[in-house]
Structures are given as C-alpha cells and as structure tokens.
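**Student:** Residue numbers (our numbering), protein chains in the order written: chain A, 116 to 231; chain B, 27 to 137. Using N, Cα and C, we set each Cβ at its ideal position, and we do this for glycine too. Quantities reported herein were computed from a predicted structural model and do not represent experimental measurements. Structure in structure tokens, see below.
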Amino acid sequence: AQSVTQLDSQVPVFEEAPVELRCNYSSSVSVYLFWYVQYPNQGLQLLLKYLSGSTLVKGINGFEAEFNKSQTSFHLRKPSVHISDTAEYFCAGTGYYGGATNKLIFGTGTLLAVQP
Amino acid sequence: DAGITQSPRHKVTETGTPVTLRCHQTENHRYMYWYRQDPGHGLRLIHYSYGVKDTDKGEVSDGYSVSRSKTEDFLLTLESATSSQTSVYFCAISEFPGELFFGEGSRLTVL
Numbered sequence: 116a117q118s119v120t121q122l123d124s125q126v127p128v129f130e131e132a133p134v135e136l137r138c139n140y141s142s143s144v145s146v147y148l149f150w151y152v153q154y155p156n157q158g159l160q161l162l163l164k165y166l167s168g169s170t171l172v173k174g175i176n177g178f179e180a181e182f183n184k185s186q187t188s189f190h191l192r193k194p195s196v197h198i199s200d201t202a203e204y205f206c207a208g209t210g211y212y213g214g215a216t217n218k219l220i221f222g223t224g225t226l227l228a229v230q231p
Numbered sequence: 027d028a029g030i031t032q033s034p035r036h037k038v039t040e041t042g043t044p045v046t047l048r049c050h051q052t053e054n055h056r057y058m059y060w061y062r063q064d065p066g067h068g069l070r071l072i073h074y075s076y077g078v079k080d081t082d083k084g085e086v087s088d089g090y091s092v093s094r095s096k097t098e099d100f101l102l103t104l105e106s107a108t109s110s111q112t113s114v115y116f117c118a119i120s121e122f123p124g125e126l127f128f129g130e131g132s133r134l135t136v137l
C-alpha cells in the first residue's frame with residue numbers, strides 16, 4: 116500500500132528564519148505529490164504540486180518543494196517565515212492504487228508554529 | 027474559491043442513531059471525496075466517487091456508506107453512529123489527480 120510519512124508532528128521556528136518540513140513517500144506511490152495547508156478552523160488548500168518535469172516546484176506564499184526520487188522525499192521549504200504561516204501542513208500523494216490515480220493519501224501533518 | 031458546501035457544519039448525536047452528512051458542489055467536478063480528520067492521524071479517506079452512482083472505498087470505510095445520485099451531491103451516511111466516529115469530516119472535489127478543493131468541514135460529536 117502506498118504511504119506518505121511526515122517525520123515531524125510540530126516544528127517551532129522564529130519569524131524570518133528558514134524552515135523545512137519533511138515528507139517521505141513509499142516507492143509504490145506514483146510521482147504525483149502535493150503539499151496542502153490548513154489554517155485554524157478551515158479546510159485544506161493546495162500549496163503546491165509535483166506532477167512531472169522540474170524537480171523544484173514553487174507554490175503560493177513563497178513556499179517551494181523539491182522532489183527527490185533517490186531519497187523518496189518531497190520536503191517543503193521557505194527561506195523566511197512569517198507569523199501568518201502558522202498552520203498545519205500536509206504532504207499527500209496519489210498513485211496507481213487499484214487503478215485509480217485520484218485516491219489522494221495524506222501524511223499525518225506537521226504543525227508549523229512561528230514565534231515572534 | 028471552489029463552490030463546495032457541507033451540511034450540517036456541526037452535529038451532536040447519540041450512539042446508535044443514523045447520521046447523514048451532505049456535500050454539495052457547484053463546480054461540476056467529476057470526483058468527490060469524504061475524509062475524516064483526527065489528531066495524530068491526519069486525513070483519512072473514507073469513500074470517494076468518480077461519477078454519478080460510481081463510488082469506491084477508502085482507507086477507513088467500515089461503518090460508513092455513501093451515495094451519489096447527482097453530480098453535485100455526495101452523501102455520507104453513518105448507519106448507526108459510534109463514539110469512534112466523533113471527528114471532523116471534510117468533503118473535497120477534484121477534476122485533476124490530487125488537486126482537491128475542500129469544504130469547510132463538518133464537526134460530528136457522538137455521545
């Protein structure tokens with residue numbers, strides 16, 4: 116079965132510092148990978164996606180992620196965070212799972228806590 | 027924002043009672059999903075639909091059923107609610123693989 120693993124449940128960081136949120140996927144997952152963000156009391160929204168092509172993908176709000184096939188990773192980064200980036204971030208992937216590429220499987224989430 | 031609404035947004039019910047959550051979209055997207063979100067588990071797929079009357083099970087489908095008689099509506103039913111089904115339920119829609127648009131969530135408490 117495919118899986119997506121987020122290694123950190125919570126990442127505290129000071130404002131204007133860089134941050135990296137880690138995500139690893141199982142090799143059975145096809146290479147459609149995503150990061151979603153959830154602000155308090157809201158639904159999730161798409162931050163960025165990797166479908167094919169360039170392994171460095173840029174998303175909204177200054178975030179970017181790099182697909183690394185050899186390490187089966189898709190880490191999310193931002194060079195300088197703001198208080199408003201405080202949210203929970205979910206890595207997700209799809210794969211050929213019973214023939215359906217639209218089953219999106221999520222990691223358990225990482226809470227990014229930006230401190231002043 | 028994608029036109030997707032969930033109802034009810036909050037519900038408190040008792041063990042053993044049936045519960046139906048409704049998801050309505052105005053985007054004409056082909057795929058619709060029901061997820062549940064619990065602390066420490068992230069989002070887990072309950073059921074999804076890839077067309078009218080076409081549905082399939084997700085990771086945690088036991089105790090849940092779904093129906094989709096129209097493109098715009100996807101219903102999630104708990105035939106006999108249990109306390110373990112206390113959760114926040116999210117509906118999502120998509121037209122392209124992995125690119126989901128989520129509703130605001132429905133918070134269900136089973137006493």
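Just to make sure I have the definition right: I need the residues of chain A whose C-beta is within less than 9 Å of the C-beta of LEU134/B. Which are they?
**Tutor:** Those within 9 Å of LEU134/B in chain A number zero; the least Cβ separation is about 15 Å.
**Student:** Please look up how many angstroms separate the CB atoms of LEU161/A and PHE189/A, rounded, as I've assumed it's under 8 Å.
**Tutor:** Contact flag wrong, Cβ pair sits at about 14 Å.
**Student:** Quick check on this structure: which residue in PHE178/A, CYS206/A, PRO194/A and GLY177/A has the alpha carbon closest to the alpha carbon of PHE129/A?
**Tutor:** Looking at the Cα atoms, PRO194/A is the closest of the given residues.
**Student:** So, with DSSP's three-state summary, where would you put GLY214/A?
**Tutor:** For GLY214/A, the predicted model reports a pLDDT of 48, less than 50, meaning its position is unreliable and no value from the coordinates is stated.
**Student:** In terms of residues, what are the limits of the beta strand (DSSP E) holding HIS67/B?
**Tutor:** No beta strand (DSSP E) contains HIS67/B, which DSSP labels as neither H nor E.
**Student:** Write down every uninterrupted run of the beta strand (DSSP E) in the segment 51-94 of chain B whose length is 3 residues or greater and which is fully enclosed by it, in chain order.
**Tutor:** Whole beta strand (DSSP E) segments, 3+ residues: 57-64, 68-77 and 80-83.
**Student:** If you count every other CB in all the chains shown that lies within 10 Å of the CB of HIS55/B, and 16 or more means buried, which is it?
**Tutor:** Burial call: buried.
**Student:** Which one or two residues does DSSP pair with GLY208/A in a beta bridge?
**Tutor:** Its beta-bridge partners are LEU148/A and ILE220/A.
**Student:** In terms of DSSP beta bridges, what is ASN139/A paired with?
**Tutor:** According to DSSP, which records beta bridges pairwise, ASN139/A is partnered with THR120/A and SER188/A.
**Student:** Do the segment 48-62 of chain B and the segment 115-124 of chain B meet, that is, are 3 or more Cβ pairs less than 8 Å apart?
**Tutor:** The segment 48-62 of chain B is in contact with the segment 115-124 of chain B.
**Student:** Taking 6 Å as the limit between beta carbons, can you name the residues of its chain near LEU126/B, skipping five residues before and five after?
**Tutor:** Closer than 6 Å at the Cβ level, and outside the excluded window around LEU126/B, lie ALA118 and SER120.
**Student:** According to DSSP, what are the bridge partners of GLU203/A?
**Tutor:** Bridge partners of GLU203/A: GLN153/A and LEU226/A.
**Student:** So that I know if they touch, is there some Cβ in chain C lying closer than 8 Å to that of GLY89/B?
**Tutor:** The structure shown contains no chain C; its protein chains are A and B.
**Student:** Measuring only from the beta carbon, is THR112/B closer than 7 Å to any heavy atom that is part of the ligand FMN?
**Tutor:** No copy of the ligand FMN occurs in the structure displayed, which carries no ligand at all.
**Student:** If you draw a straight line from the C-alpha of ARG133/B to the C-alpha of GLY29/B, how long is it?
**Tutor:** Rounded to the nearest angstrom, the two C-alpha atoms are 19 Å apart.
**Student:** Name the one or two DSSP bridge partners that ARG133/B has.
**Tutor:** According to DSSP, which records beta bridges pairwise, ARG133/B is partnered with HIS36/B and VAL114/B.
**Student:** Check the C-beta distance from TYR90/B over to LEU102/B and give it rounded, since I have them as a contact under 8 Å.
**Tutor:** Right, their Cβ atoms sit about 6 Å apart.
**Student:** Per DSSP, which one or two residues make a beta bridge with GLU179/A?
**Tutor:** Paired residues: LYS173/A and ARG192/A.
**Student:** Going by alpha carbons, who is nearest to HIS50/B out of GLY84/B, SER106/B, SER33/B and THR108/B?
**Tutor:** Among GLY84/B, SER106/B, SER33/B and THR108/B, the Cα nearest to that of HIS50/B belongs to SER33/B.
**Student:** Between the segment 62-76 of chain B and the segment 108-117 of chain B, can you find at least three pairs of beta-carbon atoms closer than 8 Å?
**Tutor:** The segment 108-117 of chain B vs the segment 62-76 of chain B: in contact.
**Student:** Is it right to say ALA132/A is buried, meaning 16 or more other beta carbons lie within 10 angstroms of its own, or is it exposed?
**Tutor:** With fewer than 16 other Cβ atoms within 10 Å, it is exposed.
**Student:** Report yes or no: is there a C-beta of chain A within less than 8 Å of the C-beta of PRO34/B?
**Tutor:** No, its Cβ sits nowhere closer than 8 Å to a Cβ of chain A.
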